[in-house]
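Take a look at the structure set out below.
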Amino acid sequence: MPLLAHPQHREGGAEVIDRFQDIQAWLEDQPHLLRLGRLFSETVLIEVEGEEIYLTFEKGRIVSVEAGPSRKTPWRFALRTDAEALEQFWQARPAPGFHDIFGLAKIGRGRIDGDILCLVKNLRFFKEVMALARHTEEGAA
Numbered sequence: 086m087p088l089l090a091h092p093q094h095r096e097g098g099a100e101v102i103d104r105f106q107d108i109q110a111w112l113e114d115q116p117h118l119l120r121l122g123r124l125f126s127e128t129v130l131i132e133v134e135g136e137e138i139y140l141t142f143e144k145g146r147i148v149s150v151e152a153g154p155s156r157k158t159p160w161r162f163a164l165r166t167d168a169e170a171l172e173q174f175w176q177a178r179p180a181p182g183f184h185d186i187f188g189l190a191k192i193g194r195g196r197i198d199g200d201i202l203c204l205v206k207n208l209r210f211f212k213e214v215m216a217l218a219r220h221t222e223e224g225a226a
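The sequence shown maps to residues 86 to 226 in the working numbering.
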């Protein structure tokens with residue numbers, strides 16, 4: 086059963102939260118990413134089918150992964166997508182359009198909101214952090 090198609094996802098996004106908590110742990114083992122993101126200290130909203138997840142970065146590290154919704158949590162930019170698109174994005178070899186966050190937006194399966202300049206300034210870092218989940222898929226294949 087695909088990770089995000091699991092019934093638990095529909096009951097509050099626990100599977101998605103778990104995946105981002107895994108990414109939080111994997112990031113600690115990536116010195117090149119920690120160096121790349123050392124100036125990035127922001128909160129990012131990830132919304133998957135209406136379920137909100139807040140990733141708080143501090144000097145390139147994810148210091149918290151919190152479930153929303155929260156009107157009190159300010160965020161700098163947001164990535165909004167659906168569970169199936171995120172599952173395809175996290176495949177070891179994603180199909181065209183699912184390989185990149187801007188690809189998701191281009192094919193109509195994602196939307197990027199908020200401070201785009203902040204995203205673009207930290208684009209490589211953010212894209213590589215989002216793609217960390219692909220490494221587990223490669224290892225399992």
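Just so you know, even glycine gets a beta-carbon here, dropped at the ideal spot from N, CA and C.
Everything numeric in this text was worked out from a predicted model, so none of it was measured.
In the DSSP assignment, find the beta strand (DSSP E) that holds residue i and state where it starts and stops.
i      : result
PHE162 : 162-166
GLU132 : 128-133
Assign residue i to buried or exposed, taking buried as 16 or more other Cβ atoms, counted over all protein chains shown, within 10 Å of its Cβ.
i      : result
PRO87  : Summary for PRO87: the model assigns pLDDT 43, below 50, so the residue's position carries little reliability; its value from the coordinates is reported in the next sentence. Exposed, since its Cβ has fewer than 16 Cβ neighbours within 10 Å.
GLY145 : buried
VAL214 : buried
PRO181 : exposed
GLY122 : buried
Can you tell me which of the options puts its alpha carbon nearest to the alpha carbon of residue i?
i      : options                        : result
LEU199 : ALA163, PRO181, ALA177         : A small fix is needed here, since residue 199 is Gly in this sequence, not Leu. Cα-wise, what sits closest to GLY199 is ALA163.
LEU130 : LYS191, GLY195, LEU118         : GLY195
VAL101 : THR128, ALA110, ARG123, GLU136 : GLU136
PRO159 : ASP114, THR128, ARG104, ARG178 : THR128
GLN109 : LEU202, PRO179, TYR139         : TYR139
For residue i, report the span of its alpha helix (DSSP H) as first-last.
i      : result
ALA216 : Note, ALA216: premise wrong, no alpha helix (DSSP H); not H, not E.
GLN109 : 99-112
Practice task
Pick out the complete alpha helix (DSSP H) segments inside the region 139-212, 4 residues or longer, and give them in chain order.
Solution key: Counting only runs of 4 or more, we get 168-174, 186-191, 201-206.
Practice task
For the region 184-194 and the region 149-158, state whether three or more C-beta atom pairs, one from each stretch, are separated by less than 8 Å.
Solution key: The region 184-194 and the region 149-158 do not touch, with fewer than 3 CB-CB distances between them shorter than 8 Å.
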